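Counted from 1, the sequence shown has number 58 at position 58 by UniProt numbering; the numbering is strictly sequential.
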Amino acid sequence: MKFDYLKQPNFRDPNKPWISRPVIPVALHYKDKRVKVFALVDSGADISLFHASLGQALGIDVTGGRKMTFFGISEGAGVEVYMHTIDLEVVGDSTSFEMEVGFTDSKGVGAILGQAGFFDHFHIKFERDKERVELTTASLH
1 MKFDYLKQPN FRDPNKPWIS RPVIPVALHY KDKRVKVFAL VDSGADISLF
51 HASLGQALGI DVTGGRKMTF FGISEGAGVE VYMHTIDLEV VGDSTSFEME
101 VGFTDSKGVG AILGQAGFFD HFHIKFERDK ERVELTTASL H
């Protein structure tokens, strides 16, 4: 599956008002609920993180999950993350898979697909020069 990068506002550089990022459509599933969201494919993220509001929309008791603290997400301070197991589907692919993700109310987190869980299921090819990301299903051992 190939996805064109999504142009998003760039608030860091007034000379470049837009920035292209590898953002793809995914659906989060938990029990009988489903939420669609655009998520950043981030090879620098250890785990997948989503804003707590998405977990709440799925009916998850977010703060009832295993609590962890991560650094490097928000400037300086550690960020509290609550881990839960959900099913994730890349929109356009007919399969979904179970993975552990973190939910946080940090302002710096919307939807991030990190290495553990997501990168285990796909070979991911970033083509920055073409502003495209390609996902190929990986064979799991």
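The C-beta atom is built at its ideal place from N, Cα and C for all residues, glycine as well. Here the structure is a predicted model, which means the values were calculated and not measured.
- Close CB contacts of A116 within its chain, under the 7 Å cut and outside five residues either way in sequence, are with D46 and I47 (chain order).
- The alpha-carbon of V35 is positioned some 33 Å away from that of P14.
- Straight-line measurement puts the Cα of T137 at about 31 Å from the Cα of D61.
- C-alpha of V41 to C-alpha of E134: approximately 11 Å in a straight line.
- No Cβ-Cβ contact shorter than 9 Å links V109 with L88.
- In the same chain as H123, and ignoring 5 residues on each side of it, the C-beta atoms closer than 6 Å to its own belong to T136 and A138, in chain order.
- Comparing C-alpha distances from K33 to each of D105, T95 and G55 shows the shortest one belongs to G55.
- The Cβ neighbour count for P22, taken over all protein chains shown within 10 Å, is at least 16; the residue is labelled buried.
- The beta carbon of K125 lies closer than 6 Å to those of E134 in the same chain, with the five residues before and after it left out.
- Within the same chain, V62, F103, T104 and D105 come within 7 Å of A52 by CB-CB distance, once the 5 residues on both sides are set aside.
- Ranked by Cα distance from L6, the first of K16, P25 and R12 is P25.
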